[in-house]
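Below is one structure; the comments refer to it alone.
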Amino acid sequence: NVGPHFETWNAGILGPVTLSGLNDGKRDISHQQWTYQVGV
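One rule links them: number in our numbering = place in the sequence shown (from 1) + 112.
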C-alpha cells in the first residue's frame, strides 16, 4: 500500500456492479454511493 504512484491509481471496484438472482432480474447498482471501511 505504498509507492510513488499509489495515491494516483484507481482503487476499489472499478467495473459495473450488478445483482443477479433477484425475482425481477438483474439490477445495476453501479451508480450507487459506495463507502469503504478499512480496519487493522
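We treat Cβ as the ideally placed atom computed from N, Cα and C, and that holds for glycine.
{"Item": "Between the CA atoms of residue 150 and residue 137 - distance to the nearest angstrom", "Value": "32 Å"}
{"Item": "Collapsed DSSP secondary structure at residue 136 in the structure displayed", "Value": "coil"}
{"Item": "Straight-line Cα distance separating residue 129 from residue 143", "Value": "9 Å"}
{"Item": "Residues bridged to residue 130 (per DSSP)", "Value": "140"}
{"Item": "Residue 126 and residue 139 closer than 7 Å at C-beta", "Value": "no"}
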